[in-house]
Structure formats: C-alpha cells, structure tokens
Amino acid sequence: GFSHTHLSGTGHSDLGDILLMPGVGEVRLDRGTADRPGTGYRSRFSHERERAEAGYYAVTLDDSGIRAELTATERVGVHRYTFPAGARQHVVVDLDHAIYNYEGKTRWAAVRVENDTLVTGYRITSGWARTNYTYFAMSFSRPIADYGCRDRRPLDYRGGWGKFDTSRRFPELAGRSLALWFDFGDDPAPLEVRVALSAVGTTGARANLEAEAAGCTFDELAAQARAKWDEALGAVEAEGDQGALRMLYTSLYHTMINPSVYQDVDGRYRGLDHEIHTAAPGRTNYTVFSLWDTYRALHPLFNLLWRERSRDLVASMLDHCDQSVHGILPVWSHMGNENWCMIGYHGVSVVGDALDKGIGIDPGRALEAMVRSSDCDYYDGTGVYKELGYVPVDVRSTGSSMTLEYAYDDWVVYRTALRMGRDDVAREYRRRALNYRNVFDPATGFARGRMKDGGWKPDFNRYDTHGQGFIEGNSWNYSMYVPHDPDGLIALMGGDRRFTARLDSLFTEFLPDEYFAETEDVTREGLLGMYVHGNEPSHHVPYLYMWTSQPWKTQYWLREIMDRMYRPEVDGLCGNDDCGQMSAWYIFTAMGFYPVCPGSDQYVLGAPYLPRMKVRLGEGAWLEIRAPGVSSKNRYVHGVRLNGRPWTKAYLTYDDLRQGGVLEFDMRPTPDRRRRFRGEERPYSLSAEL
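End of the sequence shown sits at 854 in the numbering used here; the numbers just go up one at a time, nothing left out.
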C-alpha cells in the first residue's frame with residue numbers, strides 16, 4: 165500500500181502512517197504475506213511498470229491491474245487510481261499499518277465519515293517517536309457507495325457502544341487495529357484521493373486540505389510539485405558524464421527530504437511538551453533531526469545554499485529546547501518527540517555553525533541553549549564527563565567515543581562564547597574541548613576505553629568495533645575524530661610522519677569481518693581498508709591529509725571514495741543515507757571543499773569531481789567551480805585560483821565564498837608532492853590558539 169509518513173535512509177525505522185491500498189472485487193482487510201500475497205490486500209508489481217521522479221510516482225499493481233499514481237504538496241498526499249474497466253472498485257485504509265511494526269504499536273485510532281466524500285480521523289502510535297499523533301482529512305473525487313470496518317484487536321468492551329453494528333456503514337469508528345474499506349462502484353473515471361495530515365487535529369488537517377489541494381486536479385498538483393522540485397534542484401548546475409550528474413542530483417534530492425515541515429498552514433504545531441504552539445510569523449517549524457549524522461555536512465550545506473531554511477531549522481531546535489523538560493537542544497527528534505538516539509549533544513554544533521555563518525537567530529538565546537545542552541548532568545554520562553574529563557567505559561560502554569564527541573561539541577560552545585565576548589564561558593569550554601586527550605593512550609598511540617579509576621580497559625583491540633568503548637566504529641576510526649584540533653591529534657600520534665603513516669594504514673589495511681560482525685552500521689560495502697565511509701564518524705578523515713606533508717593523498721582518496729561508494733544504482737550507496745548526510749558529503753566533495761569542523765568558518769580544500777559546477781548560494785550569488793579535464797586519472801590538484809587570484813591556503817572561509825565568483829582548480833594526473841601548507845595557510849586547529 166501507500167502510506168504518508170517516512171524517514172529517509174535512517175538506521176532505525178518508524179512511521180508509515182495512514183496506509184491506502186486500492187483493490188477490485190472481493191475486499192481483503194488483512195495484509196497477506198510476501199509468499200502468499202493473494203491472502204491479503206497487498207499486490208505484486210514489476211519495476212518495469214513503475215515510474216519515479218521528483219514529485220511523482222506511478223506503478224501498475226499486477227494482481228488487480230490498477231494504475232496507481234502519487235504526488236504531493238507539503239501537507240497533502242495525492243492519489244489517482246485508474247481501475248480496470250467494469251471492475252468493482254474499493255480502497256482499503258489500514259490505520260494499524262506501520263513501518264517497523266509490532267503488536268500494540270498503534271495505541272488507538274478513530275475515524276468519522278463526515279459525508280460521502282470526506283473522512284477524518286487520527287491515530288496514536290508508540291514507536292521510535294514514543295507518542296505520535298497523526299490526524300488526517302481524506303477526500304474522494306467520487307461519492308462513497310458503501311463502506312465498512314474491522315478491528316483486528318477489539319477490546320472486550322461492555323459499554324453502550326455494544327448496541328451498534330459498527331462493521332458496516334457506521335460513521336463513527338474507533339479501535340486499536342482498524343482496517344476500513346470504501347466502495348466506489350464501477351464508474352470508469354479515475355478515482356482521486358487527497359490525504360491531508362496534521363499533528364494538531366482534524367480541523368487542522370481539513371484546513372491543510374483546503375489550502376493546498378482544493379480546486380486542483382491531480383495533474384495540476386503534480387505539475388506544481390515538479391515545478392517546486394525544479395526550482396529546488398536548480399540551485400546546482402553541473403557538467404559531466406550522465407552517471408555522475410544523476411548521482412549529483414539524486415544526492416541533492418536526498419538532502420531536501422529531512423528535516424520535514426511539521427506545522428499546519430496556520431502555523432500551529434504539536435511541540436515536544438505535546439502542547440499546541442504557533443510558529444512565529446514568517447517561520448516554519450520542522451521535525452526529524454538526525455543530528456549525530458547531519459551536523460557534519462547536511463546542516464553546513466543548508467547554511468551555504470539555503471539560509472532561510474537553516475534559520476527555520478535552528479529556530480525549531482531552539483523552540484524544542486524551550487519545550488524540553490530537560491531544557492536541552494534535540495539529540496534525535498521527530499514527530500514532536502525526542503528519541504535520544506546516538507551520542508553527543510550535536511545540536512550545539514548546528515546552532516553554533518549557523519551563528520558563525522550569520523543566520524538570523526538570537527545569539528544570546530542560542531548560547532544559553534548550547535550551554536544548557538552541554539551541562540545536563542544526567543544526560544548520557546555528561547555528569548561524570550564534567551567530573552573526570554572523560555566518560556569511563558565502566559559507566560557507559562561507549563564512553564570513549566562519547567568523550568571525543570563531547571570534546572568537539574564543547575569546542576563549538578567555546579568558539580561561540582568567544583565570538584560573543586563571553587570570556588568566562590569560553591575559558592571553561594576551551595578547557596573541556598581538550599578532553600579528547602584524556603582517552604588517548606600514549607603507550608599505544610590510540611584512543612581507547614578508560615576506566616573510572618583512571619586505568620585503561622584491559623584487552624585492548626584497536627580493530628574490534630564492539631566492546632572497546634566506541635559506538636559504530638573501532639579505535640582506528642575514532643582515534644581520528646578530533647575535528648577541532650588536528651594539529652593536537654598529530655602531536656599525540658608522534659608527529660607528521662607517524663600520523664601520515666597511520667592514515668595510510670587506515671585506508672589500506674584489511675579489516676576482517678569478525679571485527680564488525682556485531683555492528684550492523686559497519687559493512688563490507690562501506691569499507692576502504694579500515695576507513696568506514698558507510699558510517700558518519702569517518703567522513704572528515706580523508707581531508708586530514710591536508711594538515712600533513714602529503715596533502716595530495718586527500719585528492720587520491722576522495723576520488724576513490726566517490727568512484728566506489730556512490731553509484732546511481734539500486735545499491736549505489738555504501739551505507740545509510742541518514743537523512744541526507746551521506747549525500748551532503750557527496751555534494752561538498754564534488755564542489756572541491758568540505759566543512760571538516762562545523763562551527764568554524766572554514767571549508768578544507770579537496771578536489772572537484774566534475775569539470776564544472778555552479779551553485780546558488782543562500783544570499784543569491786552564484787559560485788562557479790571549474791576543474792577542466794578532471795577525471796579518475798586527472799585527480800590531483802596543482803593549483804587553485806579564486807576570482808583569478810592564486811590561492812595558496814588549504815581552506816576557504818565562508819566570507820571567501822559568500823559573494824560568489826569563480827573557483828578554479830588545475831587538475832593533473834600526477835600529484836604535486838611539493839605542495840604543502842604552513843602557518844596561516846594551514847586549516848584551523850585549537851592547538852594554534854593555546
């Protein structure tokens with residue numbers, strides 16, 4: 165069937181609200197099974213009779229012969245079903261269907277048949293979003309001829325409702341596992357269905373339906389959707405081979421799915437406190453913040469290309485903080501809920517980077533939220549982290565990765581406070597930003613698990629992704645995670661030569677399957693040696709060569725990753741897209757630079773992937789990136805020019821880019837081994853300020 169709420173490429177699943185499935189002939193209210201589809205309402209289909217593009221989807225259902233077409237507005241899912249001639253037509257509405265479903269996930273659902281073309285209702289689920297309210301208003305282009313309902317898990321109820329037969333033509337229905345059917349006779353005209361959603365109430369859903377879909381045909385709404393996507397995807401123009409262009413625009417599309425709009429057309433939305441709030445005039449409230457993933461590149465991309473959207477995203481996060489009983493920024497939030505997934509308090513990174521790029525938010529309110537988020541003693545080891553300067557692995561099993569990520573987040577607070585003249589806050593958080601040192605063992609040169617008594621966790625294994633103090637990675641991966649102080653990291657590992665050799669080993673040494681067998685987010689498809697591109701903690705690592713005497717190796721490995729890990733095929737991504745992070749990495753790297761340390765004003769140079777790209781920056785200017793002759797062979801940079809001037813730094817700042825212009829790369833087949841960066845040419849490191 166076709167449901168109306170989804171997540172984009174996440175490691176965990178949820179949603180799938182309000183499922184519709186058209187059918188002919190006998191009504192089946194059970195779902196059926198994959199091996200026996202005829203026992204339920206499901207249908208087989210072939211990809212050969214499927215069409216998908218931005219703003220439109222169509223498929224022929226083989227078992228019924230129905231052609232189903234879909235499009236959408238911001239708040240309304242729009243369906244068109246063309247039935248076989250002469251067939252008796254119906255639509256099943258399953259209010260118990262869910263993605264990652266289990267018995268009891270749907271707590272309650274209710275439906276009202278308002279008239280012969282309008283149905284309203286809601287359901288409440290408890291999944292990854294613990295208390296999720298989804299209200300709907302569903303309109304049909306033809307009158308309902310008949311309808312009925314079955315509750316698959318009825319309550320043993322002895323009250324007054326027992327006097328009614330609610331299974332047929334009863335206009336007010338409620339239960340824990342409702343499946344409804346609506347009959348539309350055998351009229352040959354296509355049936356159009358619009359399903360408007362709201363988290364506030366059915367009145368809001370009806371208003372959304374009226375505002376966004378009333379008075380328009382399916383074709384008109386599909387044309388509007390295509391036009392909006394054309395405008396959005398038009399932020400990037402590019403030249404190159406068709407496969408690379410398809411991958412680029414697919415990646416751009418992926419970056420625009422989440423976070424998603426979470427308010428009615430009148431500005432009302434359900435907050436984290438489950439009260440109904442109204443967004444400030446001119447603002448849009450958003451949900452689905454996969455921040456452990458997206459702080460790295462997705463939100464920095466918004467700050468560069470879509471500043472107005474970024475402003476609304478950060479405002480939504482600050483409102484979340486105000487509505488939180490804990491008083492902190494989101495960790496991983498969706499549908500008006502906090503699900504607490506993953507580690508770090510990376511909301512501070514998103515807010516700090518937005519402030520650094522001049523996004524229009526109140527800096528005082530933002531800094532207060534950042535400090536509160538990093539100062540909550542009972543959040544995931546934060547109390548003991550503040551006490552000891554690290555999170556012991558006998559307190560939290562992944563304490564070393566927590567320590568490294570908290571230290572980076574603390575650096576963002578430091579930089580924000582410094583910029584605002586809050587020296588008292590800056591001093592404290594600069595000290596905390598150096599806590600990464602506390603989990604580096606000088607005897608091994610690796611980050612490792614540390615115990616509460618100060619000793620090291622015994623039986624250290626730098627290869628194992630399980631049980632060593634790290635989450636979704638091993639010591640090899642996380643030992644490279646100090647994005648705010650690469651020079652300090654290089655010193656800890658014994659200097660330039662040893663650090664460069666360590667990076668070389670990371671990319672070339674084979675990691676046997678046994679070391680990641682228990683870690684589902686690390687897969688063979690996402691590995692280059694021991695470098696894990698299929699999971700986020702490593703995404704900055706290829707750029708670390710830019711701090712070394714061999715920066716050309718950044719260019720070598722970026723091309724390898726782009727060629728091997730991104731393909732315009734069904735299995736073309738080497739890991740979860742994670743709400744656009746994997747795709748945002750691709751877009752930045754294709755442009756030739758990357759935000760290694762969000763919260764700073766720098767983008768570290770790499771090497772472009774396409775001969776020409778032109779991107780529309782958030783303030784209206786265009787930046788053109790030229791790399792004539794770039795290819796898998798011509799992957800090495802021999803010179804950079806910005807607006808005609810030779811560029812000798814290893815990085816660009818936001819101010820260098822914001823007015824647009826032309827960024828040119830001289831690409832050749834052999835590395836420039838003499839090209840290296842010293843002094844102010846080097847990218848940022850905290851150690852330079854100590």
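C-beta atoms are modelled at their ideal positions from N, C-alpha and C, and glycine is treated no differently.
On the three-state DSSP scale, how would you describe residue i?
i      : result
His648 : coil
Tyr627 : coil
Pro186 : strand
Tyr815 : strand
Lys550 : helix
Pro792 : coil
Asn279 : strand
Ile507 : coil
Lys521 : coil
Met831 : strand
Ala293 : coil
Glu238 : coil
Val555 : coil
Ser488 : coil
Ala387 : helix
Phe674 : coil
Glu336 : strand
Ile288 : strand
Name the DSSP beta bridge partners of residue i, please?
i      : result
Tyr245 : Ala232, Leu355
Gln253 : Val188
Ile440 : Arg434
Val696 : Leu691
Cys761 : DSSP lists no partner for Cys761.
Cys313 : Leu344
Pro810 : Arg805
Arg776 : Glu403, Arg790
Asp258 : Leu183, Ala343
Gln766 : Thr817
Asn501 : His498
Arg614 : Trp620
Asp605 : Phe610
Val425 : Tyr450
Trp272 : Ile288
Excluding the 5 residues flanking residue i on each side, which residues of the same chain have their C-beta closer than 7 angstroms to its C-beta?
i      : result
Arg213 : Val223, Thr224
Asn625 : Gln632
Pro145 : An answer regarding residue 145 cannot be provided, because it is not within the stretch 165 to 854 covered by the chain.
Arg314 : Leu193, Ser331, Ala343
Asp226 : Ser207, Arg208, Phe209, Ser210
Asp457 : Glu700, Asp742, Cys743, Gln745
Glu673 : Gly693, Met694
Pro201 : Ser207, Arg208, Asp227
Tyr433 : Ala363, Val364, Tyr426, Gln427, His441, Ala443, Asn449
Gly291 : Asp178, Ala262, Tyr264, Lys269
Thr580 : Gly516, Leu519, Leu531, Met534
How is the beta strand (DSSP E) around residue i delimited, first residue to last?
i      : result
Leu342 : 342-347
Asn296 : 296-304
Ser497 : 496-498
Val367 : Per the sequence presented here, residue 367 reads as Thr, with Val not at that position. Premise fails: Thr367 lies in the alpha helix (DSSP H), 366-377, not in any beta strand (DSSP E).
Glu123 : Because the chain here runs from 165 to 854, residue 123 falls outside it and cannot be looked at.
Tyr152 : Absent from the model: residue 152. The displayed extent of the chain is 165 to 854, so no value can be given.
In chain order, what residues of the same chain have a beta carbon less than 8 angstroms from the beta carbon of residue i, not counting five sequence neighbours either side?
i      : result
Ile492 : Cys485, Tyr509, Gly511, Ala533, Arg536, Ser537, Cys540, Tyr543
Arg809 : none
Enumerate in chain order the residues of its own chain whose CB-to-CB distance from residue i is below 6 angstroms, with the five nearest sequence positions on each side excluded.
i      : result
Tyr245 : Pro186, Ile230, Ala232, Leu355
Tyr600 : Leu568, Ala571, Val646
Gln823 : Ala785
Cys143 : Since the first residue of the chain shown is 165 and the last is 854, residue 143 is not available in this structure.
Leu582 : Ala590
Starting from residue i, trace the alpha helix (DSSP H) both ways and give me its first and last residue.
i      : result
Trp470 : No alpha helix (DSSP H) holds Trp470; DSSP gives it neither H nor E.
Ala746 : Checking the sequence, you will find Met at residue 746 rather than Ala. From DSSP, the alpha helix (DSSP H) with Met746 extends over 745-755.
Val577 : 563-583
Asn128 : No information on residue 128 is available, as it lies outside the stretch 165 to 854 that the chain covers here.
Met657 : Counting along the chain, Met657 falls outside any alpha helix (DSSP H), and DSSP gives it neither H nor E.
Pro528 : Sequence inspection shows Gly at residue 528; the Pro mentioned does not correspond to that position. Here the alpha helix (DSSP H) through Gly528 covers 527-537.
Phe634 : From DSSP, Phe634 is part of no alpha helix (DSSP H); its letter is neither H nor E.
Ala597 : 587-597
Hey, would you say the C-beta of residue i is under 7 angstroms away from at least one heavy atom of the ligand PLP?
i      : result
Leu493 : This structure lacks the ligand PLP; in fact it carries no ligand of any kind.
Legend entry - Any 3 or more C-beta pairs closer than 8 angstroms across the stretch 811-826 and the stretch 752-769: Counting C-beta pairs closer than 8 angstroms gives three or more between the stretch 811-826 and the stretch 752-769, which meets the contact rule.
Inset, instruction - Specify whether the stretch 443-452 and the stretch 767-781 touch according to this definition: at least 3 beta carbon pairs, one from each stretch, less than 8 angstroms apart. - result: Between the stretch 443-452 and the stretch 767-781 there are fewer than three C-beta pairs closer than 8 angstroms, too few to call the two in contact.
Legend entry - Three CB pairs or more closer than 8 angstroms across the stretch 796-807 and the stretch 605-617: Taking a cut-off of 8 angstroms on C-beta distances, the stretch 796-807 does not touch the stretch 605-617, as fewer than three cross pairs fall below it.
Inset, instruction - Tell me, please, whether the stretch 276-291 touches the stretch 390-397 by the rule of three or more beta-carbon pairs shorter than 8 angstroms. - result: Touching, no.
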